[in-house]
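Quick note: the sequence shown uses this note's numbering, first residue 156, plus one each step.
Glycine included, every Cβ here is placed at the ideal spot set by N, Cα and C.
Accompanying notes for the structure given below.
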Amino acid sequence: MISDDDIKIEFRSDVTVELVKHSAADSDVLFAARVSTLGEQSLDELKKDPERSRGLINYLMRDRHGSPFEHNSMTFFISAPIFVFREFMRHRVGWSYNEESGRYRELQPVFYVPDASRKLVQEGRPGKYRFVEGTPEQHKLATEAMQDSYRQAYRTYREMLDAGVAREVARSVLPVGLFSSMYATCNARSLMHFLGLRTQHELAKVPSFPQREIEMVGEKMEAAWAELMPLTYAAFNANGRVAP
Ligand SMILES: Cc1cc2nc3c(=O)[nH]c(=O)nc-3n(C[C@H](O)[C@H](O)[C@H](O)COP(=O)(O)OP(=O)(O)OC[C@H]3O[C@@H](n4cnc5c(N)ncnc54)[C@H](O)[C@@H]3O)c2cc1C
156 MISDDDIKIE FRSDVTVELV KHSAADSDVL FAARVSTLGE QSLDELKKDP
206 ERSRGLINYL MRDRHGSPFE HNSMTFFISA PIFVFREFMR HRVGWSYNEE
256 SGRYRELQPV FYVPDASRKL VQEGRPGKYR FVEGTPEQHK LATEAMQDSY
306 RQAYRTYREM LDAGVAREVA RSVLPVGLFS SMYATCNARS LMHFLGLRTQ
356 HELAKVPSFP QREIEMVGEK MEAAWAELMP LTYAAFNANG RVAP
């Protein structure tokens, strides 16, 4: 029988997002857009008139000429709970995913527990929920209940592995609070669509009500993207955070 001392469980309240590879700049948008009117040209030419470039990107965003925003690529390494990945992988268009395998490797005991800043209590109606602070008692209950449940589930998983049961069978007992990791590759257009749905923002013309934990991932991706493509990012915000 495995005891809790034999297993080093890690509890996390944050998520990891790292931009591991990119080829993404505002000039990629301009380059793609101007081929329709000017044909082939050099990138140097595009940099000559920054105001015109800003204006063109804003026009494309406003009038929803979306395809020039697709000629770029960002690859993120993301580590987050499985329930976040379930929501994430609903985004089918302009995204490529590779996730760690629970068949080929032993899953590590890293589990999600909300910290004190996570609003715990849900009010309102489906589609328009509002979340409010939990009491210290509710936070204590949630933390302890999750930790107990995670410990028990992981102990059972390990007992099955030790008895020779295949990883792909034993993993059935692990909950969606388990951390997984993946590479996700997107372009600016697919990222904007994701951000419009998975973040709440005062500039959003069409408000969304995402789960906080996928929003935490979205916020980190947004920060990385904003540095790579500042003109596109500004135009996205100026036009109500609706993907073109
Ligand atoms: C707040 C919130 C709550 C949600 N709740 C639920 C829920 O309770 N249950 C649930 O199942 N899902 C839920 N979802 C997931 C949601 O329904 C979408 O699957 C998810 O947001 C991905 O959006 P998408 O399909 O636009 O993205 P993508 O799959 O990336 O598609 C991008 C765009 O391509 C077009 N497109 C893609 N595929 C098709 C197609 N087959 N036919 C026509 N056009 C297509 C559409 O214009 C689409 O907007 C929720 C999402 C959010 C943001």
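Let me know if residue i comes out buried or exposed under the rule of 16 or more other beta-carbons within 10 Å of its beta-carbon.
{"i": "V361", "result": "exposed"}
{"i": "L358", "result": "exposed"}
{"i": "V172", "result": "buried"}
Hey, quick one: how far does the alpha helix (DSSP H) through residue i stretch, first residue to last?
{"i": "M216", "result": "205-217"}
{"i": "E370", "result": "367-383"}
{"i": "S345", "result": "343-353"}
{"i": "F364", "result": "F364 -> no alpha helix (DSSP H), and no H or E assigned at all."}
{"i": "E357", "result": "Run containing E357: none; DSSP gives neither H nor E here."}
{"i": "I237", "result": "237-243"}
Name the residue from the options whose alpha carbon lies nearest to the alpha carbon of residue i.
{"i": "E299", "options": "A318, F266, N213, A188", "result": "F266"}
{"i": "R167", "options": "K375, G332, A389", "result": "G332"}
{"i": "L352", "options": "F243, E206, K163", "result": "F243"}
{"i": "F391", "options": "E368, T171, G221", "result": "G221"}
{"i": "M371", "options": "S178, F240, P223", "result": "F240"}
{"i": "D181", "options": "Y259, A389, R396, V276", "result": "A389"}
{"i": "R280", "options": "F364, H348, E225, N227", "result": "F364"}
{"i": "A179", "options": "D161, M384, R396, V397", "result": "M384"}
{"i": "L174", "options": "S272, H226, L211, A381", "result": "A381"}
Go to residue i, then tell me how far its beta strand (DSSP E) extends in each direction, as first and last residue.
{"i": "L165", "result": "The sequence as given places Glu at residue 165; Leu does not occur at that position. Run containing E165: 165-167, per the beta strand (DSSP E) assignment."}
{"i": "F224", "result": "Element bounds for F224: n/a, residue is neither H nor E."}
{"i": "V172", "result": "171-178"}
Would you list, in sequence order, the uninterrupted alpha helix (DSSP H) runs of no fewer than 4 residues that lie entirely inside the segment 252-323? Segments of the alpha helix (DSSP H) lying fully in the segment 252-323: 291-317.
State whether the segment 248-255 contacts the segment 284-299, with contact taken as three or more CB pairs (one from each stretch) at a distance under 8 Å. no
Looking at C-beta atoms only, is the number of pairs between the segment 295-308 and the segment 232-241 that lie closer than 8 Å three or more? no
Whether or not the segment 212-221 and the segment 327-343 are in contact is what I'm after, with contact meaning three or more pairs of Cβ atoms, one per stretch, closer than 8 Å; do they touch? no
Count the CB pairs spanning the segment 308-316 and the segment 339-348 that are closer than 8 Å, and state whether there are at least three. no
At a cut of 8 Å, does the segment 315-332 reach the segment 252-263 through at least three beta carbon pairs? yes
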